[in-house]
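There are 2 protein chains.
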Amino acid sequence: MNIPAQIKEALSKGLISAIAQDAESNEVLMLAWMNEEALLKTIESKRATYFSRSRNSLWVKGETSGHFQEVVEIKFDCDGDAVLLKINQIGAACHTGEKSCFHNEFK
Amino acid sequence: MNIPAQIKEALSKGLISAIAQDAESNEVLMLAWMNEEALLKTIESKRATYFSRSRNSLWVKGETSGHFQEVVEIKFDCDGDAVLLKINQIGAACHTGEKSCFHNEFK
Numbered sequence: 001m002n003i004p005a006q007i008k009e010a011l012s013k014g015l016i017s018a019i020a021q022d023a024e025s026n027e028v029l030m031l032a033w034m035n036e037e038a039l040l041k042t043i044e045s046k047r048a049t050y051f052s053r054s055r056n057s058l059w060v061k062g063e064t065s066g067h068f069q070e071v072v073e074i075k076f077d078c079d080g081d082a083v084l085l086k087i088n089q090i091g092a093a094c095h096t097g098e099k100s101c102f103h104n105e106f107k
Numbered sequence: 108m109n110i111p112a113q114i115k116e117a118l119s120k121g122l123i124s125a126i127a128q129d130a131e132s133n134e135v136l137m138l139a140w141m142n143e144e145a146l147l148k149t150i151e152s153k154r155a156t157y158f159s160r161s162r163n164s165l166w167v168k169g170e171t172s173g174h175f176q177e178v179v180e181i182k183f184d185c186d187g188d189a190v191l192l193k194i195n196q197i198g199a200a201c202h203t204g205e206k207s208c209f210h211n212e213f214k
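Read top to bottom, the protein sequences are chains A and B. For the record, in the first sequence the residue sitting at position 91 is 91 according to the working numbering, with numbers rising by one throughout. Quick note: to get the working numbering, add 107 to the position in the second sequence (first position is 1).
Set out below in structure tokens:
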């Protein structure tokens, strides 16, 4: 798997954003970050793998909770600094137990 | 409109991410950035307003193209550093003319 040139360029400047969207309901579940290794692991394993900025290390989503994300499709945006993962979410995406991390509404 | 404390804290450290999702089709259209002023303008005007990192200035989406984004709902994530805008997209979200910026597939 070759990483497209636009993404390569973006990765040379830093982390890229990764949006996880439920492949069936189309609900947006979370936003996280990737370095090149995380992106390659995601493509190869078909399990969403991010780069944790707080722990400064790779992070296979679900490796402790069992709430893996099975990757169905990956798209990337026009400037190559964001990817959109269409996934099947096992369990909840959010560590709070909510299905989506975007569960807070402005009041 | 008071900005929730989690978002305030995230904004004190830098820009936050903003995902624009079509309110009807649920298609993810783009990812951009906001500072506090952009977020407040978005809430008040109900037109998506971002912070352009390349131009280092506020950017009302559609102000030159006419492709405004009418904001229907705003949610924010568990750590307050990303917002999800449910929008009605006038015209195309992407400057290429594609409906979504995420129109590139991995091959």
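Glycine included, each C-beta is placed from N, C-alpha and C at the ideal position.
Note to self: Among the candidates B:LYS214, B:ILE181 and B:CYS185, whose CA atom is the shortest distance from the CA of ASP129 of chain B?
What the structure shows: In the second sequence, residue 129 of chain B corresponds to position 22, counting from 1. With distances taken between Cα atoms, ASP129 of chain B lies closest to B:ILE181.
- prompt: How is ILE27 of chain A classed by DSSP in three states: helix, strand or coil?
  reply: The count along the first sequence starts at 1 and reaches residue 27 of chain A at position 27. In the sequence under discussion, the amino acid at residue 27 of chain A is Glu, which differs from the Ile named in the question. Three-state DSSP puts GLU27 of chain A in coil, outside helix and strand.
**OP:** Starting from the Cα of GLU170 of chain B, find the closest Cα among B:GLY204, B:THR156 and B:LYS206 and give me that residue.
**Re:** In the second sequence, the residue the question calls residue 170 of chain B occupies position 63. Closest option to GLU170 of chain B, Cα to Cα, is B:THR156.
| said: Against chain A, does GLU212 of chain B count as a neighbour if the rule is that its beta carbon must be under 8 Å from one of theirs? | reply: As a first step, residue 212 of chain B must be located in the second sequence, where it is residue number 105. True, the Cβ-Cβ gap to chain A drops below 8 Å.
Report task. Kindly list, in the order they appear in chain B, the residues whose Cβ is closer than 7 Å to that of VAL28 of chain A. Result -> Working through the first sequence from its first residue, we reach residue 28 of chain A at position 28. VAL28 of chain A reaches chain B at ILE126, GLN128, VAL135 and LEU191, counting residues in chain order whose Cβ is nearer than 7 Å.
From the DSSP secondary-structure annotation, give me the bridge partner or partners of ILE87 of chain A.
Start at 1 with the first residue of the first sequence, and residue 87 of chain A comes out as number 87. Answer by DSSP bridge pairing, in chain order: A:ASP22 and A:VAL71.
Practice prompt. Write down the C-beta distance between VAL72 of chain A and LYS86 of chain A rounded to the nearest angstrom, noting that I regard them as a contact closer than 8 Å.
Written response: The residue labelled residue 72 of chain A in the question sits at position 72 within the first sequence. The residue labelled residue 86 of chain A in the question sits at position 86 within the first sequence. Right, the Cβ-Cβ distance comes to about 5 Å (below 8 Å), so this counts as a contact.
Report task. Could you tell me whether any Cβ in chain B is nearer than 8 Å to the Cβ of PHE51 of chain A? Result -> By 1-based counting over the first sequence, the position of residue 51 of chain A is 51. Taking Cβ atoms only, chain B never reaches closer than 8 Å to PHE51 of chain A, which makes this a no.
Report the residues of the segment 159-186 of chain B with a CB closer than 9 Å to any CB of chain A, ordered along the chain.
Residues passing the 9 Å Cβ filter: GLU180, ILE181, LYS182, PHE183, ASP184, CYS185 and ASP186.
Q. Any beta-carbon of chain B closer than 8 Å to the one on LEU31 of chain A?
A. As a first step, residue 31 of chain A is located in the first sequence; it is residue number 31 there, counting from the start. Yes, LEU31 of chain A lies at the interface with chain B (some Cβ there is under 8 Å from its Cβ).
With a threshold of 6 Å on Cβ separation, who are the neighbours of SER159 of chain B within its own chain once the five nearest residues in sequence on each side are excluded? For the purposes of this step, residue 159 of chain B is identified with residue 52 of the second sequence, where counting begins at 1. Closer than 6 Å at Cβ, skipping near neighbours: TRP166.
- Query: Who are the neighbours of THR96 of chain A on chain B, taking C-beta pairs under 7 Å?
  - Reply: Mapped onto the first sequence, residue 96 of chain A falls at position 96. Within 7 Å Cβ-Cβ: CYS185.
- Message: For GLU37 of chain A, tell me which candidate among A:HIS67, A:ASN104, A:ASN56 and A:PHE106 has the shortest Cα-Cα distance.
- Response: Residue 37 of chain A sits at position 37 when you count from the first residue of the first sequence. When each option's Cα is compared against that of GLU37 of chain A, the closest is A:ASN56.
How far does the beta strand (DSSP E) with SER12 of chain A in it reach, from first residue to last?
-> As a working mapping, residue 12 of chain A is identified with position 12 in the first sequence. No beta strand (DSSP E) holds SER12 of chain A; the alpha helix (DSSP H) holding it covers 5-13.
ask   = From which residue to which residue does the beta strand (DSSP E) around THR42 of chain A run?
value = The count along the first sequence starts at 1 and reaches residue 42 of chain A at position 42. It is not in any beta strand (DSSP E) - THR42 of chain A instead sits in the alpha helix (DSSP H) that spans 36-45.
Q.
Quick check: what's the CA-CA separation for GLU27 of chain A versus GLY97 of chain A?
A. Start at 1 with the first residue of the first sequence, and residue 27 of chain A comes out as number 27. Start at 1 with the first residue of the first sequence, and residue 97 of chain A comes out as number 97. Distance between the alpha carbons of GLU27 of chain A and GLY97 of chain A: 16 Å.
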